[in-house]
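In my numbering, the protein residues as written are -12 to 76. C-beta atoms are modelled at their ideal positions from N, C-alpha and C, and glycine is treated no differently. In what follows, a structure is listed as structure tokens, so that the remarks can point back to it.
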């Protein structure tokens, strides 16, 4: 199992476009990927669950990954969050 803390760095937070990118990224891997925020733990492969996190800029999101490709999944999720989901100028 791999774990990390990710920060939402884009100004608008985890709205529809970033949530879709999180789900798209998570679905590229066979590992189980969960996100934790505000006392909730959700499946990162579910768009509705990711949207319901309603995490704003500066939010700290817990990431837990378990499976055969967990290292690659961790690297991909960390890169996605640190890039601001492509919304940083």
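C-beta atoms of residue i and residue j nearer than 8 Å
i          : j          : result
residue -3 : residue 50 : no
residue 92 : residue 21 : Summary: the structure shown does not reach residue 92, with the chain confined to residues -12 through 76, and so no result is reported for it.
residue 47 : residue -6 : yes
residue 24 : residue 7  : no
residue 9  : residue 61 : no
DSSP state of residue i mapped onto helix, strand, coil
i          : result
residue 57 : helix
residue 67 : helix
residue 28 : strand
residue 73 : helix
residue 40 : coil
Cα-Cα separation between residue i and residue j, rounded to whole angstroms
i          : j          : result
residue 27 : residue 17 : 22 Å
residue 72 : residue 11 : 12 Å
Cβ-heavy atom distance, residue i to the ligand ATP, below 7 Å
i          : result
residue -4 : The model on display carries no ligand, and the ligand ATP is accordingly not part of it.
(request) Please go through the region -11 to 31 and give each complete alpha helix (DSSP H) segment of 4 or more residues, from N-terminal end onward. (result) 3 to 13
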